[in-house]
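Read the structure below first, then the notes.
2 protein chains.
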Amino acid sequence: MGTTKSIKFSESQNRKAELFKALGHPARIAIIEFLINQNSCVCGDIVEELPLSQSTISQHLKELKSVGIIKGEISGVKTCYCIDENVWAELDDMMKVLMSSYSLKNKCC
Amino acid sequence: MGTTKSIKFSESQNRKAELFKALGHPARIAIIEFLINQNSCVCGDIVEELPLSQSTISQHLKELKSVGIIKGEISGVKTCYCIDENVWAELDDMMKVLMSSYSLKNKCC
DNA sequence: TTAATTAATCGTAGTTTTACGATTAATTAA
DNA sequence: TTAATTAATCGTAAAACTACGATTAATTAA
Chain V
1432 MGTTKSIKFS
1442 ESQNRKAELF
1452 KALGHPARIA
1462 IIEFLINQNS
1472 CVCGDIVEEL
1482 PLSQSTISQH
1492 LKELKSVGII
1502 KGEISGVKTC
1512 YCIDENVWAE
1522 LDDMMKVLMS
1532 SYSLKNKCC
Chain H
1432 MGTTKSIKFS
1442 ESQNRKAELF
1452 KALGHPARIA
1462 IIEFLINQNS
1472 CVCGDIVEEL
1482 PLSQSTISQH
1492 LKELKSVGII
1502 KGEISGVKTC
1512 YCIDENVWAE
1522 LDDMMKVLMS
1532 SYSLKNKCC
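Okay, structure coming up:
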C-alpha cells in the first residue's frame, strides 16, 4: 500500500532464478543429462534422442546457452554442445550455499 | 521423421524440472531465502518484505507449496509457511547426484 | 453481533514459453 | 557447380505465467 518495501530482488536472486529457470523444463534436463552421460555432444544426436522437433530442441539449446550452462562450437556442418565447466561450478557453489544455509532450526511448522 | 524416439522424459526428469521451475523466479527465491534467514514464517511478513502485491505473493507461495518445497499451516488468522525438510533433502540429493555425475572427461569443446 | 485482520481465490490483461513447420545460411560431398 | 546435410532462425498458434485489484472466507477483537 504505497509503503516502500525494504528489499528489491538482488542480482544474486535474479541469477539464481535465471539458472533454475533454464533447468526448469524436462527437455532441458534431458539435454544436460545427455551431454553428461553420452560420449556425444553433437546437436544432431540430441535431436535424434529427444521426442521433440529439431527447431524446438534448437530453441532449448539456445536457452541453456544464453544463461551460460552450455556452450556451442561449430565444427564443419555440425555443432557441438558442451556443459560450461565454469558455470557448472557456479551452479554447484550456488546450490551448496543455498542448501547449507537451511538448517532445521529454521523449522517452525 | 516418424521415427520412434528412444527416450521419453522420465519421471525423474520431470520431477527435477518441476523443482527447478518452482525455484525459477526471483520472487520465489526471495521467499525461500526469507524463510531461511528470518525468524518469521508468517505470510504477512513475507508480503511486507517483498515488492509485490499480496495476491501475487500468495500465488508464488501456492506454487512453491504445490511442488512440496514449502508447507503452510494456518494458525488463527495468520498462515505460517516453512520449508519442507524432506523435499529440501530431496532437492539436495538431486543436486548432488546431478552435479557429481558431470566430470571434466565429458568436456569435448 | 459487528468490525477488523489476514490470506486465499477470482477475473483478467499482458507477456512469455513452448511447440511446430518452413525457410535460410553455411558447409561438405559429388 | 550442384546437391545434400546440418542447424539456426522466422512466423505463428496455443498454453502457461505473472501481475494486479477486487472479492471472499475465516478468524479474532471490540
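Line by line, the protein sequences are chains V and H.
Numbering follows our numbering, in which position 44 of the first sequence is assigned residue number 1475; successive positions increment by one, without gaps.
Numbering follows our numbering, in which position 2 of the second sequence is assigned residue number 1433; successive positions increment by one, without gaps.
Virtual Cβ for every residue (Gly too), placed ideally from N, Cα, C.
* To do: Specify the secondary structure class of Ser1506(V) as computed by DSSP and reduced to three states.
  => strand
* Asked: Under a three-way DSSP split, which group does Val1498(H) fall into?
  -> coil
* Please name the residue in Ile1488(V), His1456(V), Met1526(V) and Lys1447(V) whose C-alpha comes closest to that of Ser1443(H). => His1456(V)
* To do: List the whole-angstrom C-beta distance separating Tyr1533(H) from Ile1488(V), where the pair is believed to meet the contact cut-off of C-beta under 8 Å.
  => No, Tyr1533(H) and Ile1488(V) are not in contact; Cβ-Cβ is about 20 Å, not under 8 Å.
* Opposite Cys1511(H) in the DSSP bridges: which residues? -> Val1473(H) and Glu1504(H)
* For Ser1532(V), which residues in chain H fall below 9 Å Cβ to Cβ? -> Glu1464, Ile1467 and Asn1468
* Excluding the five sequence neighbours on either side, which residues of its own chain have a C-beta within less than 8 Å of the C-beta of Cys1472(V), listed in chain order? -> Leu1466, Cys1511, Tyr1512 and Cys1513
* To do: List the whole-angstrom C-beta distance separating Gly1475(H) from Lys1502(H), where the pair is believed to meet the contact cut-off of C-beta under 8 Å.
  => About 17 Å; that fails the 8 Å criterion.
* **Residue span of the alpha helix (DSSP H) that contains Asn1517(H), given as start and end** => Glu1516 to Ser1532
* To do: Compute the Euclidean distance between the alpha carbons of Gln1469(H) and Glu1480(V), then round it to the nearest angstrom.
  => 45 Å
* What residue does the alpha helix (DSSP H) around Ser1443(V) start on, and which one ends it? -> Glu1442 to Ala1453
* Could you have a look at His1456(V) and say whether DSSP puts it in helix, strand or coil? => coil
* For the stretch 1494 to 1515 of chain V, which residues have a CB atom closer than 9 Å to at least one CB atom of chain H, in sequence order? -> Lys1502, Gly1503, Glu1504, Ser1506, Cys1511, Tyr1512, Cys1513 and Ile1514
* Where does Lys1447(V) land, buried or exposed, given buried means 16+ other C-beta within 10 angstroms? -> buried
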